[in-house]
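To start, the structure under review is shown below, and the notes come after it.
Residue numbers (the numbering used here): 179 to 999.
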């Protein structure tokens with residue numbers, strides 16, 4: 179039901195549809211993509227690299243994190259929306275009315291894109307899928323697990339239902355009404371009161387209600403952490419029992435088991451299918467059977483409701499689940515199917531109500547429109563079935579959701595969508611989201627999926643030919659979207675295919691600094707899934723967390739590098755993406771000595787990279803100098819400040835990269851004497867899973883045909899506290915985790931996990947002997963230490979000496995008779 183009149187009128191059709199009049203979308207696919215590619219803001223943006231002040235064209239491969247802006251959408255916002263912009267919640271003034279119209283139309287565009295109908299709510303949520311899942315959780319507990327019979331909803335709301343024509347009906351009396359005001363009058367009639375009395379006398383005895391949260395191991399943190407936190411707020415009552423063996427729950431020590439109308443929570447984490455890289459579907463069905471058996475038991479009066487939260491697409495590997503099939507499975511056990519669509523909605527067309535699967539509908543969906551092309555700045559979305567919105571009190575109480583407030587009482591509006599959007603919404607974000615989905619509704623999604631599948635296959639096939647590149651996830655990628663995560667070995671043992679890795683942030687820095695490729699390193703906010711992908715068992719996970727917590731040494735945090743393909747990419751950009759990763763796998767280690775890292779943030783950067791030189795400041799571009807007409811430059815000038823441009827083809831870029839390696843430690847760059855390696859906590863020695871700058875120097879210094887090796891010079895300090903030589907803790911020659919674990923057979927994987935501990939213990943005992951023997955062996959070259967054992971006189975610039983001298987004089991820091999060391 180629409181709160182304001184005339185909002186349901188159809189908008190005037192655009193005079194020039196993007197796909198053309200009367201022709202299929204597929205016929206215009208190339209033309210449409212070319213148009214969108216030309217509309218990308220920053221498509222020709224260049225960045226200055228730290229080596230020679232030349233520039234590189236940005237190759238954006240981070241669409242999994244966020245999309246890029248489109249000029250046509252920003253022009254629409256600037257020239258159409260903002261001139262008549264006003265706050266919503268009114269249609270009295272021209273600005274408020276037009277803005278309300280725009281936002282209402284945006285909601286309908288989203289509804290049409292996802293095939294949501296009048297029984298579905300489209301709720302704008304602000305902070306992407308995270309905001310959507312948080313609002314979902316509030317609705318969950320306020321409705322006692324979406325109970326449609328309990329007292330958590332008042333009598334007015336219990337029988338209120340909106341219809342497809344913008345009106346409403348009373349489900350108790352089976353009458354259709356014009357709007358909410360008429361409905362509120364109807365519930366005071368004698369007819370409604372009589373039927374309400376009969377309804378209450380026939381209601382079954384209230385029982386305790388429990389939400390059994392069944393979570394996908396692939397889930398993003400936003401679809402995992404809030405559900406873990408809720409357990410302590412809604413424990414199982416004293417004397418109660420879990421519905422699923424091995425589940426997570428809290429027991430209450432105060433609430434008696436005889437008390438009715440209690441809401442409880444229980445959490446089940448599904449195992450991972452190591453073949454598909456997704457949740458184990460068979461295990462999901464077993465969990466649903468356990469819950470059904472619990473409900474059928476006469477030993478309990480608790481109703482357990484399966485609330486299944488699944489990830490449609492992994493933001494790490496691109497592994498996808500079949501939404502209609504699994505939703506049908508969940509509904510067959512009276513469960514609620516919730517889907518995290520953050521990564522999926524930019525890759526596939528999602529249908530809330532698929533005709534081919536009548537029971538395959540989606541109950542709740544968490545959506546991040548900002549990941550779509552043109553989406554930056556868009557509001558998050560919660561899509562849901564209205565039948566589940568049984569909470570009498572909105573998830574967030576505030577302005578815009580009240581029906582009437584007096585000094586002694588208050589009530590809320592019944593509109594399912596607007597009552598969950600308290601306060602002034604992110605109006606521009608909502609309108610932008612509608613514009614983005616309107617634009618994408620005119621695209622051929624089958625062609626998009628086909629294009630990205632071809633690109634991803636080409637990328638993976640090329641990367642797989644290099645044994646140093648360990649691609650995470652299933653070997654069969656036929657059911658994966660165009661998201662590829664990987665790690666790169668530094669020192670590869672050809673027999674075991676193991677070794678230390680190049681740090682993911684170092685790989686990301688080199689891809690950016692040498693090729694202009696924009697990727698992302700870390701764990702992609704999918705920690706549990708990342709542990710499985712990297713082969714980190716629970717004991718090792720505890721060790722990592724404890725070490726990070728006590729030492730603050732973020733650089734040891736395990737992770738990987740992630741890139742992705744997109745239908746707007748050209749073949750040239752795809753070649754640059756693949757070629758640059760392959761080049762880094764073979765040659766990137768040679769640049770380690772030119773880089774350094776921060777132990778507290780884990781970030782790597784080139785030693786000559788002065789990021790303040792290219793940083794743009796909000797205060798500069800919006801300051802008074804701009805207002806007064808002074809030339810202060812603009813953000814668009816970023817690429818124009820460099821001195822030299824170059825051909826952006828992969829062949830030319832590789833030639834330039836080879837030249838960079840050849841000159842990396844020459845005059846004007848970073849000489850070997852300036853190689854920096856921050857000292858690490860000696861307690862973390864065995865957790866250092868990546869190669870260090872000193873390893874690169876040790877391998878390159880004075881060697882004709884260098885190979886990546888670990889620095890074994892006892893005179894080179896690596897750890898804090900002056901611990902070196904024979905007293906230095908032993909470093910492992912290979913990473914404590916293994917990114918290639920998914921390419922192993924099940925037996926190989928179990929054997930590797932079993933032998934890991936014994937191997938590490940043996941290394942600790944023998945490392946000192948091996949290092950000592952290696953250093954005194956006559957046939958092994960002794961590398962000179964790059965770190966002197968005594969302090970040397972630093973070279974102080976003339977400018978700095980002048981400043982120091984001035985300070986000494988002005989503050990009379992040296993007096994008669996003082997001696998200077």
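Positions of the beta carbon are idealized from the N, C-alpha and C atoms, including for glycine.
Please read these numbers as outputs of a predicted model, since none were measured by experiment.
Start-end ranges of the alpha helix (DSSP H) lying completely within the stretch 233-315, minimum 4 residues:
249-254, 272-291
Could you tell me which whole beta strand (DSSP E) segments of length 3 or greater appear in the stretch 461-507?
480-489
One question on the structure: do residue 907 and residue 869 come within less than 8 Å of each other, judged by their Cβ atoms?
Translated into positions along the chain shown, residue 907 becomes position 729. Translated into positions along the chain shown, residue 869 becomes position 691. Cβ distance not < 8 Å, so residue 907 and residue 869 don't count as in contact.
Span separating the alpha-carbon of residue 289 from that of residue 547:
Mapped onto the chain shown, residue 289 falls at position 111. Mapped onto the chain shown, residue 547 falls at position 369. Straight-line Cα distance between these residues: approximately 13 Å.
For residue 813 and residue 233, I'd like the C-alpha separation in whole angstroms.
Here residue 813 corresponds to residue number 635 of the chain shown, with the count starting at 1. Here residue 233 corresponds to residue number 55 of the chain shown, with the count starting at 1. Only weak support exists for where residue 813 lies, its pLDDT of 47 falling under 50; the value from the coordinates is given anyway. Using only the alpha carbons, I get a separation of about 16 Å.
Identify which residue in 455, 827, 765 has its Cα closest to the Cα of residue 883.
The residue labelled residue 883 in the question sits at position 705 within the chain shown. The shortest Cα separation from residue 883 among 455, 827, 765 belongs to 765.
Please classify residue 586: is it buried, with 16 or more other beta-carbons within 10 angstroms of its beta-carbon, or exposed?
For the purposes of this step, residue 586 is identified with residue 408 of the chain shown, where counting begins at 1. Per the 10 Å Cβ criterion, exposed.
Could you give the DSSP three-state label for residue 442: helix, strand or coil?
Position 264 of the chain shown, counted from the start, is the residue given in the question as residue 442. Reduced to three states, the DSSP call for residue 442 is strand.
What separation, rounded to the nearest whole angstrom, lies between the Cα atoms of residue 314 and residue 572?
Mapped onto the chain shown, residue 314 falls at position 136. Mapped onto the chain shown, residue 572 falls at position 394. Approximately 11 Å between the Cα atoms of the pair.
I believe residue 505 touches residue 538 by the beta-carbon criterion, under 8 Å. Please report the beta-carbon distance rounded to the nearest angstrom.
Numbered from its first residue, the chain shown carries residue 505 at position 327. Numbered from its first residue, the chain shown carries residue 538 at position 360. Indeed they touch by this definition, with Cβ atoms about 4 Å apart.
Residue 597 lies in the beta strand (DSSP E); which residues open and close that run?
Translated into positions along the chain shown, residue 597 becomes position 419. Residue 597 -> no beta strand (DSSP E), and no H or E assigned at all.
According to DSSP, is residue 453 part of a helix, a strand, or is it coil?
Residue numbering aside, residue 453 sits at position 275 when the chain shown is read from its first letter. Coil, per DSSP.
State yes or no: is the C-beta of residue 446 within less than 8 Å of the C-beta of residue 430?
Sequence index remark: in the chain shown, residue 446 carries index 268 (1-based). Sequence index remark: in the chain shown, residue 430 carries index 252 (1-based). Not in contact: residue 446 and residue 430 (Cβ atoms no closer than 8 Å).
Within 8 Å, do at least three Cβ pairs link the stretch 604-616 to the stretch 624-636?
no
If I follow the unbroken beta strand (DSSP E) through residue 558, where does it start and stop?
Position 380 of the chain shown, counting from 1, holds the residue named residue 558. Counting along the chain, the beta strand (DSSP E) containing residue 558 begins and ends at 558-563.
Classify residue 560: buried if its beta carbon has 16 or more other beta carbons within 10 angstroms, exposed otherwise.
Here residue 560 refers to the residue found at position 382 of the chain shown. The residue is buried, with at least 16 neighbouring Cβ atoms inside 10 Å.
Please give the ranges of any beta strand (DSSP E) in the stretch 565-595, keeping only runs that are unbroken, at least 3 residues long and fully inside the region.
580-583, 588-590
Alpha-carbon spacing of residue 788 relative to residue 658, whole angstroms
Here residue 788 refers to the residue found at position 610 when the chain shown is read from its first residue. Here residue 658 refers to the residue found at position 480 when the chain shown is read from its first residue. One C-alpha to the other measures close to 39 Å.
Burial state of residue 897 (16 or more Cβ within 10 Å)
Taking the first residue of the chain shown as 1, we reach residue 897 at position 719. Counting Cβ neighbours within 10 Å, residue 897 comes out buried, since at least 16 surround it.
Just how far apart, CA to CA, sit residue 991 and residue 983?
The count along the chain shown starts at 1 and reaches residue 991 at position 813. The count along the chain shown starts at 1 and reaches residue 983 at position 805. Taking the straight line joining both Cα atoms gives about 10 Å.
Same chain, Cβ closer than 8 Å to residue 993, five either side skipped, listed in chain order:
The count along the chain shown starts at 1 and reaches residue 993 at position 815. Around residue 993: no qualifying Cβ.
Measuring from the CB of residue 530, is there a heavy atom of the ligand GDP at a distance below 7 Å?
As far as ligands go, the structure on display features none, and thus does not contain the ligand GDP.
Helix, strand or coil for residue 696? Go by DSSP, reduced to three states.
As a working mapping, residue 696 is identified with position 518 in the chain shown. Looking at residue 696 - three-state DSSP - the assignment turns out to be strand.
Between which two residues does the beta strand (DSSP E) harbouring residue 215 extend?
Position 37 of the chain shown holds residue 215. It is not in any beta strand (DSSP E) - residue 215 instead sits in the alpha helix (DSSP H) that spans 207-217.
Is there a C-beta anywhere in chain B that falls below 8 Å from the one on residue 707?
In summary, chain B is missing from the structure at hand, where a single protein chain is found.
Would you check if the stretch 232-246 and the stretch 749-761 touch, i.e. whether three or more CB-CB distances between them fall below 8 Å?
yes
Buried or exposed, going by whether 16 or more other CB atoms sit within 10 Å of the CB of residue 542?
Translated into the one-based positions of the chain shown, residue 542 becomes position 364. That one is buried.
Reduced DSSP category for residue 912 - H, G, I as helix; E, B as strand; rest coil:
Counting from 1 along the chain shown, the entry for residue 912 is found at position 734. Coil, per DSSP.
Here's a check: name, in chain order, each residue in its chain whose Cβ is nearer than 8 Å to the Cβ of residue 458, leaving out the five neighbours to either side.
On the chain shown, residue 458 is found 280 positions in, with the first residue counted as 1. Excluding positions up to five away in sequence, the list reads 448, 449, 450, 451.
May I ask you to verify whether the stretch 642-652 touches the stretch 830-837, counting CB pairs closer than 8 Å and requiring at least 3?
no
Quick check: residue 577 and residue 555, are their CB atoms within less than 8 Å of each other?
Within the chain shown, numbered from 1, the residue matching residue 577 stands at position 399. Within the chain shown, numbered from 1, the residue matching residue 555 stands at position 377. No.
By the three-class DSSP mapping on this structure, what secondary structure does residue 340 have?
Taking the chain shown and counting its residues from 1, the one referred to as residue 340 is at position 162. Correct three-state label for residue 340: strand.
Within 8 Å, do at least three Cβ pairs link the stretch 394-409 to the stretch 706-722?
yes
Identify the residues that DSSP records as bridge partners of residue 518: which are they?
Taking the first residue of the chain shown as 1, we reach residue 518 at position 340. Per DSSP, 489, 544.
Residues in the same chain with beta-carbon distance under 7 Å from residue 697, minus the five sequence neighbours each way, listed in chain order, please.
Locating residue 697 in the chain shown gives position 519, counting from the first residue. Excluding sequence neighbours, residue 697 sits near 239, 240, 686, 689, 739, 740, 741.
DSSP three-state assignment for residue 985, whether helix, strand or coil:
Residue mapping note: residue 985 aligns to position 807 of the chain shown, counting from 1. The answer is helix: DSSP assigns residue 985 an H, G or I state.
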